[in-house]
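In what follows, a single structure is set out as structure tokens and then discussed.
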Amino acid sequence: MNLLQMSFTGAVMILAVTVIRALAINKVPKKTFLVLWGIALVRLMIPFSLPSWFSIYSLWNREMPTEGMNTTAGMLIPVIPAGDQASIPHNTVGPVANVSAPEIIWILGCVLCAFFFAAAYWRSYKEFQMSLPVRNDGIEKWLETHPTKRTITVRQSSLVSSPLTYGVIHPVILLPKTTVWNNEETLHYVLAHELVHIKRFDIITKVVLAVALCIHWFNPLVWVMYVLANRDIELSCDETVIRQFGENTRAVYAKVLISMEETRSGFTPLCNNFSRNAIEERITAIMKTRKTTVVSLVLAALIVAGTTTVFATSALAESKGPMDTNYYETETSEGILTSYTDDNGETYYVLDDGNTTRTLSEEEFEQQYPSPVIEWWTYDEYKNWLDNEKEALQGIVGEKCWTASRGEFVWTQEMVDEAIAEYEKVLQEIKDGMMYSKTVDGGQDIMVSYNPEDIVTSSSYDYFVKLENGEEKLFGPYETPDELLAAVESFCNDQVKLGNMDQSEAREIVSQCVQN
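Quick look at the structure:
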């Protein structure tokens, strides 16, 4: 699965969570959405997923965005831009780093986003370093009554106007210098809120969100996730504090939140803020906080399980039934390409990109990926060309040249010798059976090369059956029909012994396998 596929499937998950969040934000525990955002992050960051019959990609066989496919031959054998290898019979020597314009733009975007977050945090961190420790009996008493494995420090600063937390190993709760220290009720609410952030390692969550945003900066839905996930971190902390102090404290806690948000410091992306993220949403959520019920927990579990199953899994490849003829399989830039011929002599192509499976008939495949016209080098042709090229290369020693990878340079005898050595290596590979293209569709901009021995031909026999109890079973693939039949008979005998299947059903399954 490539980056675009990960970003697309992640975006689908984010869109689903956003809709569910709008409908159920005040009906289930706020941790529900933190779990869902975590699953969305996994979808964005990990290039594989579990297949499921209930995946939206199984129900809705949508083509995923993929890398550009050159030609049919390009899917079966390596397609290499001519400037990428020294072994191409052109006057381009030395490996060329071939990075496309979209890749350059993506890398620049990643770097700019990362620089933005790093600069914002560094600026904030320098300000935090100017803070002073709080010497207050009430604070010290609170710290004594709330021990943690990590030592918590409470500091104050005139450069911040609302409470925040930073640091992972040595967490610091930073309070405004204007804090009313004798107002113990307000202090307890604020400190309790920040303590929840510390115990949950919310700073690490924020870092992961920032990393995902830097990687998928081009995806607007990832920006939506970044904003909403940060809001839900705050909402979940608010909910925890309310449950800790009791529902009758909701109004007082909301007033504390409003007072803390009258003024606030600047952007602190990797810190936990007692912040004004969607302040109206937070106050509304606080006032609607209710005691957790069995119904809300069941609803939350159903939302997480259902959303994950439908939107965070990939399509389950469908079995095409018995295939008793040869098939070819190769790994391409888009996934695994399999071509096979059925009992009727029809050829089909199956492309599995790790997330979806597309099946094309021979006509559809040829129409979508027309075969190129390739002229292959023979040993004698390439040898004659190389003899002439050696003379030409010896004559350019000392001359200036320019390539996309090197820029301007002067040919040296060492460079000429290296080029000739590379060409002689190709000549030997052609002699050993390797195939190198002379032209592709009449041009030399693309070189196609492959080893015929890498294309493996095999015979496969498999059998798909749906049992009376609804269970689906796929046998194979096996190399011979006898191996397939033996596996089916063994399975049926075991099921009969276990009482999961009667003799009539077992005989019917074996009989159908023999007929197929």
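Just so you know, the sequence shown maps onto residues 1 to 516 in the working numbering.
C-beta: ideal position from N, C-alpha, C; glycine also.
Spatial neighbours of residue i in its chain, beta-carbon cut-off 7 Å, leaving aside the 5 residues before and after
i	result
A300	V28, P29 and T32
S236	K30, K31 and L34
T292	P29
P452	G433 and M435
N26	A285 and K288
G398	V410 and W411
Supposed close pair residue i, residue j - CB separation, criterion 8 Å
i	j	result
I14	V256	At roughly 32 Å, the Cβ-Cβ gap does not stay under 8 Å, so I14 and V256 are not in contact.
E375	S437	7 Å
D462	P477	4 Å
Y125	S314	Actually they do not touch by this definition, with Cβ atoms about 41 Å apart.
W228	T18	Before going on, a small fix: residue 228 reads as Leu here, not Trp. Correct: roughly 7 Å between the Cβ atoms.
S52	T412	S52 to T412, Cβ: 59 Å. No contact.
V513	M501	The identity of residue 513 in the sequence shown is Cys, whereas the question assumes Val. About 14 Å separates the two Cβ atoms, so there is no contact after all.
N219	S49	The pair is not a contact, with the Cβ atoms about 17 Å apart (cut-off 8 Å).
P171	I152	5 Å
Y348	L360	7 Å
K390	I420	6 Å
Y226	I242	That belief does not hold up - the Cβ atoms of Y226 and I242 are roughly 25 Å apart, past 8 Å.
Residues bridged to residue i (per DSSP)
i	result
I173	V154 and T165
E517	Because the chain spans 1 through 516 in this model, residue 517 falls outside it and cannot be assessed.
K400	V410
F475	Y463
Y349	S339 and L360
A315	S52
P133	R155
Residue i and residue j closer than 7 Å at C-beta
i	j	result
A212	L36	no
K431	Y379	yes
L386	V416	no
V496	V510	no
R43	A210	no
S131	L174	yes
P372	V440	yes
W181	N136	yes
W142	L112	no
A114	C214	yes
Rounded C-alpha distance that separates residue i from residue j
i	j	result
Y189	I46	38 Å
I139	G10	43 Å
A86	K199	Bear in mind that a pLDDT of 37 at A86, under 50, signals an unreliable position, so the number given afterwards is only what the model happens to contain. Using only the alpha carbons, I get a separation of about 56 Å.
N277	I203	Its pLDDT being 48, under 50, N277 is placed unreliably in this model, and the value from its coordinates should be taken loosely. Going from the Cα of N277 to the Cα of I203 covers about 16 Å.
E127	I303	42 Å
Q367	F54	31 Å
K473	S296	37 Å
G499	R507	15 Å
L195	T240	11 Å
E414	N384	23 Å
S339	D353	14 Å
H197	R123	22 Å
N2	V222	17 Å
R155	W217	35 Å
F116	S259	30 Å
I80	R282	Per-residue confidence for I80 stands at a pLDDT of 38, beneath the threshold of 50, marking its modelled position as unreliable; the derived number appears in the next sentence. Rounded to whole angstroms, I80 to R282 spans 55 Å at the Cα level.
R290	I104	50 Å
N230	M447	49 Å
L485	E471	19 Å
A118	W106	18 Å
L351	D238	48 Å
Q503	E483	21 Å
K149	V465	56 Å
L159	Q129	11 Å
E234	Q5	31 Å
D494	G306	34 Å
E364	E346	12 Å
N183	I279	23 Å
I396	Q444	22 Å
A82	A24	Low local confidence applies: a pLDDT of 39 at A82 is under 50, so the model's placement there is unreliable, and no value is given.
Residue-level contact to chain C via CB, residue i, 7 Å cutoff
i	result
I20	The chain inventory of the structure shown lacks chain C, comprising one protein chain alone.
Own chain, CB closer than 6 Å to residue i, minus 5 neighbours either side, in chain order
i	result
R21	F33
I39	T308 and A312
G442	none
L187	none
Own chain, CB closer than 8 Å to residue i, minus 5 neighbours either side, in chain order
i	result
L427	Y379, Y382, K383 and L386
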